[in-house]
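Asks: This is the structure I have questions about; it appears just below.
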Amino acid sequence: MDIKSEVIEIIDELFMEDVSNMMDEDLFDAGVLDSMGTVELIVEIENRFDIRVPVTEFGRDDWNTANKIIAGIVELQNA
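Structure (structure tokens):
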């Protein structure tokens, strides 16, 4: 499964929200993510992609859309 599909699946599983048609929509403004959801999302991303997401790397404005989450994962995988 590619990263995009995996991220869509993670968000759907955790928050029961299909974001496949809202890849650039702010997930906080849309009510999909909140502070607790962010923690859940980080833990799941770390487990599924075998990466560590430093808290300093997870700024709300940097990870607020599905596409930005995907880009962040790619960046951390290539670090």
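Residue numbers 41 to 119, in my numbering, belong to the letters of the sequence shown in order. Ideal Cβ positions, reconstructed from N, Cα and C, are used throughout, including at glycine.
(1) Would you say the segment 90-103 touches the segment 50-63, given that touching needs at least three Cβ pairs under 8 Å?
(2) Can you name, in chain order, every residue of its own chain whose Cβ lies under 7 Å from the Cβ of E80, other than the five neighbours on each side?
(3) Tell me the residue span of the alpha helix (DSSP H) that contains S45.
(4) Given that a residue counts as buried once 16 or more other Cβ atoms are within 10 Å of its Cβ, and exposed if not, what is A106?
(5) Over the uninterrupted alpha helix (DSSP H) stretch that includes T78, give me the two end residues.
(6) Since I43 and I110 are thought to touch, with beta carbons under 8 Å apart, how far apart are those beta carbons, to the nearest angstrom?
Replies: In this structure, then:
(1) no
(2) L54
(3) I43 to F55
(4) buried
(5) S75 to F89
(6) 5 Å
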